[in-house]
Amino acid sequence: MRKVLEGLRRYQLNMNPSKCALGVTSGKFLGFIVRQWGIKIEQAKIDAILRMPEPQNIHEGKLAYLRRFISNLAGRCQPFSRLMKKDVPFQWDEACDKAFKSIKSYLMKPPVLVAPVLGRPLILYVAAQERSVGILLAQKNDEGKENALYYLSRMMTRN
332 MRKVLEGLRR YQLNMNPSKC ALGVTSGKFL GFIVRQWGIK IEQAKIDAIL RMPEPQNIHE
392 GKLAYLRRFI SNLAGRCQPF SRLMKKDVPF QWDEACDKAF KSIKSYLMKP PVLVAPVLGR
452 PLILYVAAQE RSVGILLAQK NDEGKENALY YLSRMMTRN
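Basically our numbering = 1-based index in the sequence shown + 331.
(1) Does the region 371-378 touch the region 423-441, meaning 3 or more C-beta pairs lie closer than 8 Å?
(2) Just the Cα atoms here: how many angstroms apart are Thr-277 and Ala-405?
(3) Can you list, in chain order, the residues of its chain whose CB lies under 8 Å from that of Glu-461, leaving out five sequence neighbours each side?
(4) With 16 as the cutoff for other CB atoms within 10 Å, does Ile-372 come out buried or exposed?
(5) Could you round the C-beta distance between Arg-407 and Ala-430 to whole angstroms and report it? I think they count as a contact, below 8 Å.
(6) Taking the C-alpha atoms as reference points, what is the distance between Ala-459 and Arg-485?
(7) Starting from Ser-412, trace the beta strand (DSSP E) both ways and give me its first and last residue.
(8) Restricting to Cα atoms, I'd like to know which of Gln-470, Arg-489, Leu-483, Gly-475 is closest to Gly-369.
(9) Would you mind stating whether Ile-401 and Ile-434 have Cβ atoms separated by less than 8 Å?
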């Protein structure tokens with residue numbers, strides 16, 4: 332604690348006491364629950380998505396801030412990609428509905444992302460599909476079980 336306060340003083344940084352939580356084992360930060368062993372999505376954020384009706388326009392989708400928690404989000408969202416093209420009418424179809432329900436189902440039991448342990452090997456999984464690529468960065472814990480550190484996915488574009 333002393334080192335933190337000295338660093339703040341050295342760089343002339345101020346903290347708002349009403350926004351500080353000292354001596355706690357977990358806390359809310361930007362919609363996430365941060366604990367010593369990992370970070371997870373705040374349940375209120377998950378509940379909001381689970382209650383969300385199907386979008387009526389491109390501005391109603393709210394999944395981007397959860398992308399690091401969702402395995403192959405780009406692949407799961409592939410049916411929505413045509414809806415985001417310029418000058419294309421927004422028409423929600425069965426494929427969009429299926430993808431939307433699949434994401435909601437996944438979020439009913441979201442992963443907890445853990446911090447990497449220095450000196451321990453990292454494991455990288457890559458899943459390439461026709462239109463997307465999904466990546467999982469993982470690491471084995473003390474019991475030999477793999478823990479997710481980060482999910483990343485991207486849509487593939489045609490040139």
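A virtual CB, placed ideally from N, CA and C, is assigned to each residue, including glycine.
The short version:
(1) yes
(2) What is shown of the chain runs 332 to 490, which leaves residue 277 out entirely.
(3) Met-487
(4) buried
(5) 6 Å
(6) 10 Å
(7) Looking at the DSSP string, Ser-412 is not in any beta strand (DSSP E), and its letter there is neither H nor E.
(8) Gln-470
(9) yes
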